[in-house]
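Numbering (our numbering), first residue to last: 27 to 261. Don't be surprised by glycine CBs; every beta carbon is placed ideally from N, CA and C. So the structure is just underneath, and the comments pick up after that.
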Ligand SMILES: [Fe+2]
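Here it is, written out as structure tokens:
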């Protein structure tokens with residue numbers, strides 16, 4: 027019997043995990059929304075300034091290298107389609123949910139998020155470069171491909187924070203942008219680069235570890251969010 031294609035295994039696993047992530051499927055409280063922005067700021071910057079560069083430095087496929095550098099540019103420098111970097115959108119989104127620039131500029135990782143960031147960085151530095159690629163893209167796939175209602179959808183933010191369509195552009199735009207950065211079609215070249223059983227094992231183990239880190243990342247966000255909510259209610 028032929029082995030299931032590695033890309034199919036990756037997609038299946040990511041979609042299995044998605045509904046097990048409480049931040050995604052439980053109600054979006056104001057605190058959990060703010061906490062997502064505050065911790066995502068750190069992940070966004072680390073992914074594009076540190077973690078992606080460390081696996082693309084070992085990637086032999088120039089097309090993937092170029093595409094990834096293009097993505098890093100869109101995130102931190104300039105996205106031609108919207109004439110600004112995604113970080114600008116992210117800060118705007120943060121202000122729309124009641125955060126100040128100062129809070130976003132000075133945000134620090136909560137412990138579980140710190141663990142997750144360190145795990146992803148370690149995968150990108152020490153495992154097969156494909157595992158690094160997955161560590162920095164599997165979450166995007168999960169968020170755009172998972173079915174049903176969840177908190178990465180703009181509607182959830184509109185309902186919790188009473189925002190109009192324009193004010194949730196960060197999320198509506200990313201549903202589309204992320205589709206272009208991860209998923210079955212984007213990951214197609216993986217099959218060409220992972221040709222031995224040992225490499226397949228290393229990549230799939232690395233992805234499992236990246237998904238475990240993803241669960242911790244969102245758990246850290248939930249804890250911070252619940253803390254923010256409790257402080258507000260006490261005030
Ligand atoms: Fe982005």
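Taking the Cα positions, residue 44 is about 25 Å away from residue 220. In this structure, residue 167 and residue 40 form a Cβ contact; the two beta carbons are roughly 5 Å apart against a cut-off of 8 Å. Annotation for residue 101 indicates a beta carbon within 7 Å of some heavy atom of ligand 1. The beta carbons of residue 142 and residue 243 sit about 4 Å from each other, so the pair counts as a contact at 8 Å. For residue 105, the three-state secondary structure derived from DSSP is strand. Rounded to the nearest angstrom, the gap between the Cα atoms of residue 238 and residue 123 is 28 Å.
For residue 122, the uninterrupted alpha helix (DSSP H) segment begins and ends at 112–122. Sixteen is the threshold: since fewer than 16 other Cβ atoms of the shown chains lie within 10 Å of the Cβ of residue 103, the residue is exposed.
Across the structure, residue 225 and residue 154 are spaced so that their CA atoms are roughly 7 Å apart. Judged by DSSP secondary structure, residue 29 falls outside any alpha helix (DSSP H); it is assigned neither H nor E.
The alpha carbon of residue 85 has as its nearest neighbour, out of 33, 46 and 156, the alpha carbon of 156.
By the beta-carbon neighbour count (other beta carbons within 10 angstroms, threshold 16), residue 173 is exposed. For the segment 190–237, the continuous alpha helix (DSSP H) assignments of 4+ residues that do not extend past its boundaries occur at 195–205 and 216–219, in sequence order. With a threshold of 16 other beta carbon atoms within 10 Å, residue 96 falls short and is exposed.
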